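Undergrad: Below is a structure I'd like to ask you about.
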Amino acid sequence: MHQNPGWLAALLLLLLTAVTPDNTLADDDASSDASAYVLQAEMALQREEYLMAVQEYRKAAELSDDPDLARQAALVGMTYGFNREALAAAKRWYKLDEKSNESRAVLAQISFRVGDVKTARRHFGYLLDKSSEPPGEKLLMLVSYLSDGGDPEDADKLMRSLARPYPESALAHYAVATVSLRAGDTDHALERVSKSIDLDPDNLRARLLYARVLLAQGEHDEAIDYVARIVGDDPDPDPDARMELAVLYMMANREDDALSQVNQVLLEQSGRLDALRMAAIISFHQGNLDASWEDFQDLLASGQYRMDALYYLGRIADYRDEKDRAIRFYSEVTNGSNAMSSQRRAAGLRYYENDDLKGALEQLDQFKYQSPSNWFDVQLAKARLLAIAEEHEEALDLYDKALHDRPDSERAALSRAELLLKMDRLDEALAGYADAARRFPKSALSLNAYGYTLADRTDRFAEAEKLIRKALRYEPESPAIIDSMGWVLFKLGQYEEALVQLERAYEGMKDHEVAAHIVETLVALDRRDEALDFLVEAEALTPDSHLLEDVRKRLFSNEP
Numbered sequence: 071m072h073q074n075p076g077w078l079a080a081l082l083l084l085l086l087t088a089v090t091p092d093n094t095l096a097d098d099d100a101s102s103d104a105s106a107y108v109l110q111a112e113m114a115l116q117r118e119e120y121l122m123a124v125q126e127y128r129k130a131a132e133l134s135d136d137p138d139l140a141r142q143a144a145l146v147g148m149t150y151g152f153n154r155e156a157l158a159a160a161k162r163w164y165k166l167d168e169k170s171n172e173s174r175a176v177l178a179q180i181s182f183r184v185g186d187v188k189t190a191r192r193h194f195g196y197l198l199d200k201s202s203e204p205p206g207e208k209l210l211m212l213v214s215y216l217s218d219g220g221d222p223e224d225a226d227k228l229m230r231s232l233a234r235p236y237p238e239s240a241l242a243h244y245a246v247a248t249v250s251l252r253a254g255d256t257d258h259a260l261e262r263v264s265k266s267i268d269l270d271p272d273n274l275r276a277r278l279l280y281a282r283v284l285l286a287q288g289e290h291d292e293a294i295d296y297v298a299r300i301v302g303d304d305p306d307p308d309p310d311a312r313m314e315l316a317v318l319y320m321m322a323n324r325e326d327d328a329l330s331q332v333n334q335v336l337l338e339q340s341g342r343l344d345a346l347r348m349a350a351i352i353s354f355h356q357g358n359l360d361a362s363w364e365d366f367q368d369l370l371a372s373g374q375y376r377m378d379a380l381y382y383l384g385r386i387a388d389y390r391d392e393k394d395r396a397i398r399f400y401s402e403v404t405n406g407s408n409a410m411s412s413q414r415r416a417a418g419l420r421y422y423e424n425d426d427l428k429g430a431l432e433q434l435d436q437f438k439y440q441s442p443s444n445w446f447d448v449q450l451a452k453a454r455l456l457a458i459a460e461e462h463e464e465a466l467d468l469y470d471k472a473l474h475d476r477p478d479s480e481r482a483a484l485s486r487a488e489l490l491l492k493m494d495r496l497d498e499a500l501a502g503y504a505d506a507a508r509r510f511p512k513s514a515l516s517l518n519a520y521g522y523t524l525a526d527r528t529d530r531f532a533e534a535e536k537l538i539r540k541a542l543r544y545e546p547e548s549p550a551i552i553d554s555m556g557w558v559l560f561k562l563g564q565y566e567e568a569l570v571q572l573e574r575a576y577e578g579m580k581d582h583e584v585a586a587h588i589v590e591t592l593v594a595l596d597r598r599d600e601a602l603d604f605l606v607e608a609e610a611l612t613p614d615s616h617l618l619e620d621v622r623k624r625l626f627s628n629e630p
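Residues 71 to 630 in the working numbering are what the sequence shown spells out, letter by letter.
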């Protein structure tokens, strides 16, 4: 992700320093109360009670006339993802310092995050009008703002509105096309990028975006042919076009063709690090780990794409079963799109390979201090690790804390219910699943989790079937939900219909739980020989499956 100057840089600095009220606060009751709230906020942060900390900062900002304190409150709220609290602080900051472009930018950004497109449009529009950059360039700079934390459809709506005054700007149409594509409106993206090309036929970025839109519409061959013509028709092809063609080849699983394009770029521009990165990734996907390792080591030494290099070096070490080395590399991935997955894997390796639960938890805590915006994902990762280690009460406590701060988190709610089920607290687990299904009525995940649990652990089969069928309406091709459908049909005694659904699920997901369900159903249909053959095949795929072991003990105790 591209970082924006100004307030984002200030936010990072803020995270490294203690937040205290400014000495210029007036010495009166309000300032005293504000200072007290700041103190409470700092204490809450130390206790890792992040919602309380953000609320206390916001209260301090509302009592103080110091714009710096309001700024701190807004940025802390944004960092920990409590946008409503951050919005209140941002409004206070803007009220105290209306001439500050930073206060206006933050207010616009948070308004966008909470879905207030009208307010975001007003403030972003003002900043665009006051900028000395050309209109199209201004809108392109805004694209990165709109990719950070807001709804993609809101971003699309906002960008279209902001670009409306510039119908003859090729870059304005390009900016709209970029955001529309991210929002999934490929038809509008195609219309706007085509307009951009009409206005400026020599703009390579727009032509390459056109190919991306074709790809998003499923026109893979057309997208590749389009960029290949750009490269082939030019006696001196632009390296950017070759790089885009390589990406398209990768998406089409034509890795040799992709590597050929990248190597040509490196032949012409040996110091081009994005090409070196692409070559290393292609080698990794081809299984050429030695070549990939060398390229990523060179990339790491360059200082560019450092997080990508560390992530892939960690994966290569992981594949080579060099677990301690993998942990070291993963641990250094502290920002970017692979940061959280890297930290989870590092913690998991510490626990699974080194039997070091304490070290695993400390690993995650250290990452949380380095990257406070990931605190919630870290909380859930720690809870899951504790649950796996059968430290159930500690895990439950973390889930409860997570839900206290983020009561709208479906992930946390379902994970907590799953843990209660593991703890044999069935009634509480069912209550948790029921609450999730009620709060997220259009979520196939919650509907299926509740329905499957009812089918598997109770005799409320009719209710379970209704929930699962509703989940299927939202995700009709989900193997997990199709398996649930098969299992509830099995419970209802509809074995032939159940087998059809279970086999369909297994085609899409060779999962040991689905396999166990199929074995049970075949036995119920008195097709024991088929069931045993299928069980043996499933055991070969997942030899450590407790579910398959249980099925064998119950149904084939006398078989070898």
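The C-beta atom is built at its ideal place from N, Cα and C for all residues, glycine as well.
This structure is a prediction, so every number in the text was calculated from the model and none was measured.
1) In three-state DSSP terms, what is Phe152?
2) Quick check on this structure: which residue in Leu450, Ile397, Asp272 has the alpha carbon closest to the alpha carbon of Asn424?
3) Thinking Arg154 and Val184 are a contact (beta carbons under 8 Å), I'd like their distance in whole angstroms, please.
4) Who are the near neighbours of Arg230 in its chain, counting only those whose CB is closer than 6 Å to its CB and skipping five residues on each side?
5) Would you tell me roughly how many angstroms separate the C-alpha atoms of Pro309 and Leu343, rounded to the nearest one?
6) Taking the Cβ atom as the reference point for each residue, do Asp103 and Leu133 lie within a distance shorter than 8 Å?
7) Excluding the 5 residues preceding and the 5 following Asp614 in the sequence, name in chain order all residues of the same chain whose CB lies nearer than 8 Å to its CB.
8) Please state if the CB of Ala123 and the CB of Ala144 are separated by a distance shorter than 8 Å.
9) Once DSSP output is grouped into helix, strand and coil, what is the label at Ser217?
10) Report the rounded CA-to-CA distance for Arg324 versus Ser217, giving the unit in angstroms.
11) Rounded to whole angstroms, what's the CA-CA distance from Ala594 to Phe152? Just pull it up for me.
12) Using a Cβ-Cβ cut-off of 7 Å (strictly less than) and excluding sequence neighbours within five positions of Tyr469, which residues of its own chain qualify?
13) According to DSSP, is Gln564 helix, strand or coil?
14) If distances are taken between C-alpha atoms only, which option among Leu359, Asp365, Ala451, Lys129 comes closest to Met348?
15) Out of curiosity, what's the CA-to-CA distance linking Leu450 and Glu629?
16) Measure the C-alpha to C-alpha separation of Ala285 and Ile267 and round it to an integer number of angstroms.
17) Does DSSP put Thr591 in a helix, a strand or coil?
18) Counting along the chain, where does the alpha helix (DSSP H) carrying Gly384 start and finish?
19) With a threshold of 16 other CB atoms inside 10 Å of the CB of Met113, please say whether the residue is buried or exposed.
20) Identify, in the order they occur along the chain, each residue of the same chain with its Cβ nearer than 6 Å to the Cβ of Ala96, setting aside the five sequence neighbours on each side.
21) Under 8 Å, do Asp221 and Val249 count as touching if we go by C-beta distance?
22) Look up Tyr236 in the DSSP assignment and say whether it is helix, strand or coil.
23) How many Å lie between Asp388 and Arg395 at the Cα?
24) Let's test the definition: count the other Cβ atoms within 10 Å of the Cβ of Glu292 and tell me whether it reaches 16, buried, or not, exposed.
25) Drop a sphere of 10 angstroms on the beta-carbon of Thr256, count the other beta-carbons inside from all chains shown, and report buried for 16 or more, exposed for fewer.
26) What are the boundary residues of the alpha helix (DSSP H) that Lys580 is part of?
27) Out of Asp599, Arg530, Ser548, Gly563, state which residue places its alpha-carbon closest to the alpha-carbon of Asp578.
28) Looking at the secondary structure, which residues open and close the alpha helix (DSSP H) in which Gln331 lies?
29) Quick test of your reading: Leu618 and Ala610, contact by CB under 8 Å. State the CB separation rounded to the nearest angstrom.
30) If you drop the 5 nearest sequence neighbours on each side, which residues of the same chain put their C-beta closer than 6 Å to that of Tyr381?
31) Could you give the residue range of the alpha helix (DSSP H) that holds Glu547?
32) Please return the same chain residues whose Cβ sits closer than 7 Å to the Cβ of Ala465, not counting the five positions on each side in sequence.
33) When the Cα of Pro546 is compared with those of Gln571, Phe560, Ala585, which residue comes out closest?
34) With 16 as the cutoff for other CB atoms within 10 Å, does Arg299 come out buried or exposed?
TA: So, from the listed chains and residues:
1) Looking up residue 152 in the sequence shown gives position 82. Residue state, collapsed to three classes: coil.
2) By 1-based counting over the sequence shown, the position of residue 424 is 354. Looking at the Cα atoms, Ile397 is the closest of the given residues.
3) In the sequence shown, counting from the first residue as 1, residue 154 sits at position 84. In the sequence shown, counting from the first residue as 1, residue 184 sits at position 114. So it is a contact: roughly 6 Å between Cβ atoms.
4) Here residue 230 corresponds to residue number 160 of the sequence shown, with the count starting at 1. Within its own chain, the residues whose Cβ lies closer than 6 Å to the Cβ of Arg230, once the five positions on either side in sequence are excluded, are Val246, listed in chain order.
5) As a position in the sequence shown, residue 309 is number 239, starting the count at 1. As a position in the sequence shown, residue 343 is number 273, starting the count at 1. C-alpha separation (whole angstroms): 12 Å.
6) Numbered from 1 along the sequence shown, position 33 holds the residue referred to as residue 103. Numbered from 1 along the sequence shown, position 63 holds the residue referred to as residue 133. Yes. Within cutoff.
7) Here residue 614 is taken as the residue at index 544 of the sequence shown, counted from 1. Excluding positions up to five away in sequence, the list is empty.
8) As a working mapping, residue 144 is identified with position 74 in the sequence shown. As a working mapping, residue 123 is identified with position 53 in the sequence shown. Not closer than 8 Å, so no.
9) Walking along the sequence shown from the start, residue 217 turns up at place 147. Note: Ser217 maps to coil in three-state DSSP.
10) Translated into the one-based positions of the sequence shown, residue 324 becomes position 254. Translated into the one-based positions of the sequence shown, residue 217 becomes position 147. The straight-line gap from Cα to Cα measures roughly 29 Å.
11) Working through the sequence shown from its first residue, we reach residue 594 at position 524. Working through the sequence shown from its first residue, we reach residue 152 at position 82. About 52 Å.
12) For the purposes of this step, residue 469 is taken as the residue at position 399 of the sequence shown. Hits under 7 Å: Ala453, Ala482, Ser485, Arg486, Leu489.
13) Taking the first residue of the sequence shown as position 1, residue 564 is located at position 494. Looking at Gln564 - three-state DSSP - the assignment turns out to be coil, as it is neither helix nor strand.
14) Indexing the sequence shown from 1 puts residue 348 at position 278. Among Leu359, Asp365, Ala451, Lys129, the Cα nearest to that of Met348 is on Asp365.
15) The residue labelled residue 450 in the question sits at position 380 within the sequence shown. The residue labelled residue 629 in the question sits at position 559 within the sequence shown. Answer to the nearest angstrom: the Cα atoms are 42 Å apart.
16) As a working note, residue 285 is residue 215 in the sequence shown. As a working note, residue 267 is residue 197 in the sequence shown. As written in the sequence, residue 285 is Leu, which differs from the Ala given in the question. Each residue's Cα considered, the two are about 17 Å apart.
17) Within the sequence shown, residue 591 is the residue found at index 521, counting from 1. Thr591: helix per DSSP, three-state reduction.
18) Here residue 384 refers to the residue found at position 314 when the sequence shown is read from its first residue. If you look at Gly384, you'll find it in the alpha helix (DSSP H) that goes 376-389.
19) The sequence position of residue 113 within the sequence shown is 43, counting from 1. Exposed is the call here.
20) Your numbering for residue 96 matches position 26 in the sequence shown. Residue placement at Ala96 is poorly supported in this model, since its pLDDT is 45, which falls under 50; the coordinates still yield a value, given next. Contacts found: none.
21) Reading the sequence shown from its first residue, position 151 is the one you call residue 221. Reading the sequence shown from its first residue, position 179 is the one you call residue 249. No. Outside cutoff.
22) Locating residue 236 in the sequence shown gives position 166, counting from the first residue. Tyr236: coil per DSSP, three-state reduction.
23) Numbered from 1 along the sequence shown, position 318 holds the residue referred to as residue 388. Numbered from 1 along the sequence shown, position 325 holds the residue referred to as residue 395. The alpha-carbon atoms of Asp388 and Arg395 are separated by roughly 8 Å.
24) Along the sequence shown, read from residue 1 onward, the residue named residue 292 stands at position 222. Exposed, since its Cβ has fewer than 16 Cβ neighbours within 10 Å.
25) The residue you call residue 256 lines up with position 186 of the sequence shown. Buried, because 16 or more other Cβ atoms sit within 10 Å of the Cβ of Thr256.
26) In the sequence shown, residue 580 corresponds to position 510, counting from 1. Unbroken run through Lys580: none, as it is neither H nor E.
27) The count along the sequence shown starts at 1 and reaches residue 578 at position 508. Going by the sequence as given, residue 578 is Gly instead of Asp. Selected option, being the one with the closest Cα: Ser548.
28) For the purposes of this step, residue 331 is identified with residue 261 of the sequence shown, where counting begins at 1. Where Gln331 is concerned, the enclosing alpha helix (DSSP H) stretches over 325-338.
29) Here residue 618 refers to the residue found at position 548 of the sequence shown. Here residue 610 refers to the residue found at position 540 of the sequence shown. So it is not a contact: roughly 10 Å between Cβ atoms.
30) The residue labelled residue 381 in the question sits at position 311 within the sequence shown. So the list reads Val403, Asn408, Ser412, once near-sequence residues are dropped.
31) Here the question's residue 547 lines up with position 477 in the sequence shown. Careful: Glu547 lies outside any alpha helix (DSSP H) and carries neither H nor E.
32) Locating residue 465 in the sequence shown gives position 395, counting from the first residue. Cβ neighbours of Ala465 beyond the five flanking positions: Ala453, Leu456, Ala457, Leu489.
33) Start at 1 with the first residue of the sequence shown, and residue 546 comes out as number 476. The shortest Cα separation from Pro546 among Gln571, Phe560, Ala585 belongs to Gln571.
34) Reading the sequence shown from its first residue, position 229 is the one you call residue 299. Result: exposed.
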